[in-house]
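In the numbering used here, the protein residues as written are -18 to 220. Ideal Cβ positions, reconstructed from N, Cα and C, are used throughout, including at glycine.
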């Protein structure tokens, strides 16, 4: 598999834009759910995750319900958060962090009320004979959740830094094409009804080019944290 090298801070500024912040809400989405069952399911499973408390800013990204009460999203959206809320087509609810991996930029938050639509995670192996593979993500455009088509081009080893820019890391993931914009970070890529990737960054130099993290290959820490019920191995207060 090819390696995507974006380690240095300069390259991070010039080449890759991590999809961090977006000032959007989901008000009124419930009235615009599509008739198609698959489309409705993904839209209902999509949430905007908002975090306050870090550098007096509000971080926002996309999250996706992977179980009735658990939402998968990006860790950088939640770094240093003192208050977290999730907005869905049903309204706004508080959430708490139950898993947080600053190395692979993955996190899971939990809400109290069960959600009916979920996207279960599954491993995806990209073979050259099966490429390209089409999928969809749930994102917000003009305050409405929509299904956005994307195309998975290849598996990659993403050489970058952890979310604090402290250490070089290698993340398992995918290179993709799609109309990714700021605020899409954390959206789960759905292929055949299963979640296979988490949107991470987009390119500033190549139109429609972006990358996603593999939540199965890169999910050992968040899985262990869920099983133990503890996140003591990471600093949730650090910005």
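Return yes when the Cβ of residue j is within less than 9 Å of the Cβ of residue i, no when it is not.
i, j, result
"residue 178", "residue 157", "yes"
"residue 132", "residue 116", "yes"
"residue 189", "residue 160", "yes"
"residue 104", "residue 197", "yes"
"residue 217", "residue 44", "no"
"residue 183", "residue 195", "no"
Relative to the C-alpha of residue i, which candidate in the options has its C-alpha closest?
i, options, result
"residue 167", "42, 32, 35", "42"
"residue 136", "121, 191, 208, 150", "191"
"residue 75", "216, 153, 30", "30"
"residue 51", "34, 88, 73", "88"
"residue 181", "172, 174, 199, 173", "199"
"residue 36", "53, 71, 58", "58"
"residue 80", "163, 56, 44", "56"
"residue 212", "27, 46, 90, 24", "90"
"residue 112", "97, 96, 155, 122", "155"
"residue 23", "85, 127, 102", "127"
"residue 83", "208, 210, 201", "201"
"residue 95", "122, 32, 49", "49"
"residue 134", "148, 114, 98, 215", "114"
By the DSSP assignment, the beta strand (DSSP E) with residue i in it spans what residues?
i, result
"residue 142", "125 to 142"
"residue 56", "Element bounds for residue 56: not the beta strand (DSSP E) but the alpha helix (DSSP H), 56 to 59."
"residue 146", "No beta strand (DSSP E) holds residue 146; DSSP gives it neither H nor E."
"residue 41", "38 to 46"
"residue 116", "114 to 122"
"residue 77", "77 to 82"
"residue 194", "190 to 194"
"residue 167", "Where residue 167 is concerned, there is no enclosing beta strand (DSSP E), given that its DSSP letter is neither H nor E."
"residue 92", "Here residue 92 belongs to no beta strand (DSSP E), and DSSP marks it neither H nor E."
"residue 178", "175 to 184"
Mind reading off the beta-carbon distance from residue i to residue j? Whole number of angstroms is fine, and I expect it under 8 Å.
i, j, result
"residue 107", "residue 118", "Contact doesn't hold; Cβ gap of about 17 Å is too wide."
"residue 205", "residue 100", "That pair is no contact at about 22 Å."
"residue 64", "residue 40", "That pair is no contact at about 11 Å."
"residue 28", "residue 46", "7 Å"
"residue 53", "residue 169", "6 Å"
"residue 256", "residue 86", "Examination of residue 256 is not possible in this model, given that the chain is present from -18 through 220 alone."
Which residues bound the alpha helix (DSSP H) around residue i?
i, result
"residue 203", "201 to 209"
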